[in-house]
Amino acid sequence: MDEKPAEAMNVARGAPRAHAQGGFTLLEMMAVVAIVGVLAAVAIPRYQLYVARSQVSSANMLLRAQQVGVEDLLLRGQEVDLAALGYSGDSVVHAHGSWSVEADGTLRYRFGTGASPLLAGEGVEQWLQLQPGAGLEGWRCLASAALEPTLLPPGCSLSSGG
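If you read the sequence shown in the UniProt record's numbering, its first letter stands for residue 1, the second for the next number, and so on.
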């Protein structure tokens, strides 16, 4: 039996024909890459800023948590140091840096290598500190002059010195 009439009958019944392989064109792929590139160019810096702000906020909250202990020591006329607050060493290591307390009660957080690139400046120490006011009349929040002003927590100001 001749196979050509059978093939012709299959085509007549609506049997599927072989199609060319489908997919995305080069132009469509280039458009997608361009869109992803623009989104990344906008999103990555915004994300880095968000991370840096959250790390500054974390440092601020950590220092604020130590205020009560420092105030208690100052009011009692006791020596203010990490040992009196229940810590050992000269500074306490934290996720994005380390913090310490000075004899006058000043709490200082120094951002280290684990911090965002916006905070861990090369050769420039970036820090956030809380200073007790005279007679414990409120606390003053200061940050190193190298710190980006948009990263500061509310109520904090940049130091005029280093």
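Even for Gly, the Cβ is constructed at its ideal location relative to N, Cα and C.
> Excluding sequence positions up to five away, which residues of its chain have a Cβ less than 7 Å from the Cβ of S144?
Replying inline: Listed in chain order, the non-local C-beta contacts of S144 below 7 Å within the same chain comprise E125, Q126, W127, S159 and G162, local neighbours out to five positions each way being set aside.
> DSSP three-state call for L92: helix, strand or coil?
Replying inline: Just to set this straight, residue 92 is Val in the shown sequence, not Leu. Of the three classes helix, strand and coil, the one that applies to V92 here is strand, per DSSP.
>> Residues in the same chain with beta-carbon distance under 8 Å from Q48, minus the five sequence neighbours each way, listed in chain order, please.
In response: Short of 8 Å from the beta carbon of Q48, and not among the five residues preceding or following it, lie these beta carbons of its own chain, in chain order: S116, P117 and L118.
> In whole angstroms, what is the alpha-carbon distance linking D72 and Y50?
Replying inline: So the two alpha carbons sit approximately 34 Å from each other.
> Using the C-alpha atoms, what's the distance from V33 back to A40?
Replying inline: Taking the straight line joining both Cα atoms gives about 10 Å.
> Going along the chain, which residues of its own chain have a beta-carbon closer than 7 Å to the beta-carbon of S91, five neighbours each way excluded?
Replying inline: Once the five neighbours on either side are set aside, the close Cβ partners of S91 are S98, W99 and S100.
> So which of E102, G77, H96 and I44 has the shortest CA-CA distance to G89?
Replying inline: Measuring C-alpha to C-alpha distances from G89 to each of E102, G77, H96 and I44 identifies E102 as the nearest.
> From which residue to which residue does the alpha helix (DSSP H) around L107 run?
Replying inline: Taken as a continuous stretch (DSSP letters only), L107 belongs to no alpha helix (DSSP H), being part of the beta strand (DSSP E) at L107 to F111.
>> Am I right that P132 and V56 are in contact with their C-beta atoms under 8 Å? What's the rounded C-beta distance?
In response: Contact check for P132 and V56: beta-carbon distance about 20 Å, past the 8 Å limit, so the pair fails to qualify.
> Can the beta-carbon of A59 be found less than 7 Å from the beta-carbon of Y109?
Replying inline: Taking a C-beta distance under 7 Å as the contact criterion, A59 and Y109 qualify as a contact pair.
> Taking just the CA atoms, how far does Q78 sit from L147?
Replying inline: The alpha-carbon atoms of L147 and Q78 are separated by roughly 33 Å.
> For A143, which three-state DSSP category applies?
Replying inline: DSSP places A143 in strand when its eight states are reduced to three.
>> According to DSSP, simplified to helix, strand and coil, what is residue 193?
In response: Outside the displayed span of the chain (1 to 162) sits residue 193, for which this structure offers no information.
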